[in-house]
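Engineer: Sequential numbering from 1 applies to the sequence shown in the UniProt record's numbering.
C-beta atoms are modelled at their ideal positions from N, C-alpha and C, and glycine is treated no differently.
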Amino acid sequence: MDADSRTRREAAAAAESSGADANVDEAQVAVEDEDERWLREAEEIQLKAAGRLRQPGAGAGAEDPEAAEDRQGSAPTNAKEASNSDASDFVILSEEDLRVAFREAQAAYDAIDKSDKPGGDPGLQDDISKCIKFLDMCSDAVRRMQMLSANERLADMDPSSIPFLFTNYYAGKLELKLTPQDPTGAARLRAVNAGTALLESFLEIAKTAGALDEMDKTSLAAHQHLEDLLHQDGEGNGRGGTGSALPPQMARELKMERFRRGREAKKRLEEINARLENAKGDLDAVADLGREKLEAALDCAVKDALDELDSATKEKEILQHMARMNLQFTPDSTPIPPPAPGKGITITRIDQDMINTRETIRSQVFRPSWRQPTMTIEEFAEIEMREAIEREKREKENREANPEVLNLKQVHEQGLEDDVEVYDKATEKDRNWDDWKDDNPKGRGVTKRF
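1. Which value, in whole angstroms, describes the spacing of the CA atoms of Lys425 and Glu417?
2. Smallest Cα separation from Arg190: which of Lys316, Val411 and His412?
3. Hey, Lys409 and Glu308: beta-carbon distance below 9 Å or not?
4. DSSP on Gly238, reduced to helix/strand/coil?
5. If Ser161 sits next to Leu148, beta carbons under 8 Å apart, how far is it from one beta carbon to the other, in whole angstroms?
6. Is the distance from the Cβ of Pro441 to the Cβ of Gly290 below 9 Å?
7. Given that a residue counts as buried once 16 or more other Cβ atoms are within 10 Å of its Cβ, and exposed if not, what is Asp216?
8. Between the Cα of Ala110 and the Cα atoms of Pro118, Thr208, Ile128 and Cys300, which residue gives the shortest distance?
9. Tell me the rounded alpha-carbon separation between Arg263 and Leu154.
10. Does the separation of the CB atoms of Cys138 and Ala108 fall below 9 Å?
11. With DSSP as the reference, label Gln106 as helix, strand or coil.
12. Nearest to Ser96 by alpha carbon, out of Ala141, Ala301, Glu384 and Asp228?
13. So for Asn402, helix, strand or coil by DSSP?
14. Tell me the residue span of the alpha helix (DSSP H) that contains Asn151.
15. Who are the Cβ neighbours of Ala206 in its own chain at under 7 Å, not counting the five residues just before and after it?
16. Mapping the DSSP letters down to three states, classify Asp121 as helix, strand or coil.
17. Of the choices Gln181, Ala150 and Arg268, whose alpha-carbon is the least far from that of Pro122?
18. Can you grab the Cα-Cα spacing for the pair Thr167 / Pro248, in whole Å?
19. Is Ala312 closer than 9 Å to Leu199 when the C-beta atoms are compared?
20. Which residues mark the beginning and the end of the alpha helix (DSSP H) in which Gly172 is found?
21. For Lys266, which residues from the same chain have a beta carbon less than 8 Å from its beta carbon, with the 5 sequence-adjacent residues on both sides left out?
22. Do Lys117 and Leu124 have their C-beta atoms within less than 9 Å of each other?
23. If you reduce the DSSP assignment to three classes, tell me which class Glu417 lands in.
24. Is the distance from the Cβ of Lys293 to the Cβ of Leu276 below 9 Å?
25. Please report the straight-line C-alpha distance between Asp126 and Gly120, rounded to a whole angstrom.
26. Which residues mark the beginning and the end of the alpha helix (DSSP H) in which Ala209 is found?
27. Output the residue ranges of the alpha helix (DSSP H) runs that lie fully inside the stretch 252-339 and measure 4 residues or longer, sorted by chain position.
28. DSSP three-state label for Val422, please.
29. Please go through the same chain and pick out, in chain order, the residues whose beta-carbon is closer than 6 Å to the beta-carbon of residue 456, but skip the five residues on each side of it.
30. Classify Arg444 as helix, strand or coil using the three-state DSSP reduction.
31. Is it buried or exposed, Thr196, if we count other Cβ atoms within 10 angstroms and call 16 or more buried?
32. Could you have a look at Ser363 and say whether DSSP puts it in helix, strand or coil?
33. If you reduce the DSSP assignment to three classes, tell me which class Arg190 lands in.
34. Are there 16 or more other CB atoms within 10 angstroms of the CB of Arg144, so buried, or fewer, so exposed?
35. With DSSP run on the structure shown, which of helix, strand or coil describes Trp433?
36. Within 10 angstroms of the Cβ of Ser369, are there 16 or more other Cβ atoms? Answer buried if so, exposed if not.
Here it is as C-alpha cells:
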C-alpha cells in the first residue's frame with residue numbers, strides 16, 4: 001500500500017509540474033484505476049482465504065461471483081471475530097491488523113493457561129488447536145512484514161515490536177498441551193516435536209536479540225546437544241540414559257540456578273506491574289516501565305521455555321521407546337527369532353571331585369555358622385593394653401616435641417600472664433582465629449539450605 005501511495009503522489013507531482021491539464025487528467029485516471037485494482041486484489045485475497053473463491057478454470061462446479069459477493073459480508077472483519085471462529089477466515093493485510101490479531105491471540109492463550117478444565121477436555125483441546133492456528137497466522141504475518149530484524153538487539157528494538165518475540169513461545173507451549181487420543185503415542189510425539197521446535201526457535205530468536213544470559217546459553221547448548229544424540233541413536237543410549245547431555249551434578253545446579261533466577265524475574269515483573277499502577281498519570285514513566293515489563297516478561301519466558309524443553313525431551317524419549325515397542329508387535333514387523341537350541345540332556349557322573357566335595361560339606365554340618373574366634377579373651381586384653389601403653393607414650397612424646405599453644409583465656413586461667421612469650425603466642429592464636437571467623441561466617445558451609 002505504501003508503494004501504491006508513492007506511485008500516486010509521484011504521478012500527481014509530475015502532472016502539476018508539467019502544467020498540462022491533459023496530463024493531470026490522465027494521472028488522476030491512472031490513480032483511480034490503481035485504487036480500484038488494489039481494492040479488487042484485496043477482496044480476492046480475503047475471499048480466497050475464506051475458501052469462498054474458486055480459481056479460474058475450476059470446471060462446471062465453479063462458484064457464481066455474485067454468490068461469492070453475497071457471502072463476503074459474513075466473513076469476519078476483525079481479529080476478535082477471527083479468534084472466535086476459524087483463523088483461516090481472517091487475513092492480516094496491515095500492521096494494525098497484526099497488532100489487533102496478536103492481542104486477541106494473547107488473550108486466548110491467557111484464557112487457556114488459566115483455565116480450570118482438565119488437560120484432556122475436548123472443549124479445551126479445541127480452543128488450543130484454534131489458538132495455535134491463529135498464532136501461526138500471526139507468525140507468518142510477522143515474517144512477511146519483517147516486524148523483527150535478524151540483527152537487531154533487544155535494547156534497540158521498538159517497544160511495540162518486542163511482544164512479537166513471544167509468538168513461537170505461546171505456540172510451543174500450546175503444542176505441548178495437546179493430548180491427542182492415540183494409544184500408540186505417535187500423535188503425541190508429533191505434538192511434542194512441534195512444541196520443542198517452536199520453543200527452540202523462540203530461544204534462538206531471543207539469543208540473537210541478546211535476551212539470554214550465559215547460563216541460559218549453556219542450558220540451550222546442552223539441550224541442542226541432547227537433541228543431536230536423540231536423533232543419532234533414537235533414545236539417547238550414547239549418553240548412558242541420564243536424560244541430560246551434562247553431568248548430573250552440573251545439570252542439577254543449572255536447573256536450580258535457573259529456578260532461582262526465574263523466581264527473581266517473576267518478582268521483578270510483579271514490582272513493575274505495581275509501579276505501573278502508581279504511575280498512570282506520568283506518560284514518560286509509563287513508557288519506560290512498559291519496556292521494563294516486556295524485558296522482564298521475556299526473561300521469565302526464556303526460563304520457562306528451558307524448563308519445558310527439559311520435560312519435553314524426557315517425554316520424547318519415552319514416546320520414541322513406545323513407538324519402537326509398538327513397531328515390534330505390528331503384523332508387518334520382522335518376527336522375533338526363536339531362542340538358540342540348548343545342549344540337550346547331560347549325564348551326571350560321580351567322580352573323585354564330587355566325592356571330596358560331599359565329604360567337605362558333611363564335615364561342616366554341625367559347625368557353627370559364624371566365624372570362630374582366633375584367640376582367647378585374655379590374649380585380646382593383653383594386646384589392647386600393650387597398644388594403649390604405646391599410644392600414650394607416643395602422645396606424650398608429641399606433646400613434648402610440639403607443645404600446645406594456649407589461647408588468652410587459658411593463659412589467664414593458668415596465671416601465665418607474666419610469661420611474655422606464652423602471652424604473645426596466645427595473642428597471635430586468637431587473632432588468627434578471629435581472622436578465620438571473619439573469612440568464614442556462620443552457616444557458610446550449609447549447602448542444603450534453599
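Structural biologist: Based on what the coordinates show:
1. About 11 Å.
2. Comparing alpha-carbon positions, the option among Lys316, Val411 and His412 lying closest to Arg190 turns out to be Lys316.
3. By the CB criterion at 9 Å, Lys409 and Glu308 fall outside the cutoff.
4. In this prediction, Gly238 scores a pLDDT of 43, lower than 50, which makes its location untrustworthy; the coordinate-derived value is nonetheless stated afterwards. In the structure shown, Gly238 adopts helical secondary structure according to DSSP, grouped into three states.
5. Their Cβ separation, rounded to whole angstroms, is 6 Å, which keeps Ser161 and Leu148 in contact under 8 Å.
6. For Pro441 and Gly290, no; Cβs fall outside 9 Å.
7. Burial call: buried.
8. What sits at residue 110 in the sequence shown is Asp, not Ala. Nearest option by C-alpha distance: Ile128.
9. For Arg263 and Leu154, the distance between alpha carbons rounds to 22 Å.
10. Not in contact: Cys138 and Ala108 (Cβ atoms no closer than 9 Å).
11. Note: Gln106 maps to helix in three-state DSSP.
12. The amino acid occupying residue 96 in the given sequence is Glu; Ser does not appear at that position. Of the candidates Ala141, Ala301, Glu384 and Asp228, the one whose C-alpha sits nearest the C-alpha of Glu96 is Ala141.
13. Residue state, collapsed to three classes: coil.
14. Segment: none, Asn151 is in no alpha helix (DSSP H) and carries neither H nor E.
15. So the list reads Leu165, Leu212, Leu298 and Val302, once near-sequence residues are dropped.
16. Residue state for Asp121 is assigned as coil, using DSSP reduced to three classes.
17. That would be Gln181, whose Cα lies nearest to the Cα of Pro122.
18. Roughly 32 Å between the two C-alpha positions.
19. Less than 9 Å separates the beta-carbon of Leu199 from that of Ala312.
20. Thr167 to Lys177 is the span of the alpha helix (DSSP H), which, as asked, contains Gly172.
21. For Lys266, where only same-chain residues beyond five positions count, the Cβ hits under 8 Å are Cys300.
22. Yes, these two residues count as a Cβ contact at 9 Å.
23. In this structure, DSSP gives Glu417 a state outside helix and strand, which the three-state scheme calls coil.
24. Yes. Within cutoff.
25. In a straight line, the C-alpha of Asp126 is about 10 Å away from that of Gly120.
26. For Ala209, there is no enclosing alpha helix (DSSP H), as DSSP gives it neither H nor E.
27. If we require 4 residues or more, the alpha helix (DSSP H) runs fully inside the stretch 252-339 come out as 283-328.
28. Looking at Val422 - three-state DSSP - the assignment turns out to be helix.
29. Outside the displayed span of the chain (1 to 450) sits residue 456, for which this structure offers no information.
30. In this structure, Arg444 counts as coil in the three-state DSSP scheme.
31. So Thr196 counts as buried.
32. In this structure, DSSP gives Ser363 a helical state, which the three-state scheme calls helix.
33. Arg190 carries a helical assignment under DSSP once its states are collapsed to helix, strand and coil.
34. Residue environment for Arg144: exposed (fewer than 16 other C-beta atoms within 10 angstroms of its C-beta).
35. Three-state DSSP puts Trp433 in a helix.
36. Looking at its Cβ environment, which holds fewer than 16 other Cβ atoms inside 10 Å, Ser369 is exposed.
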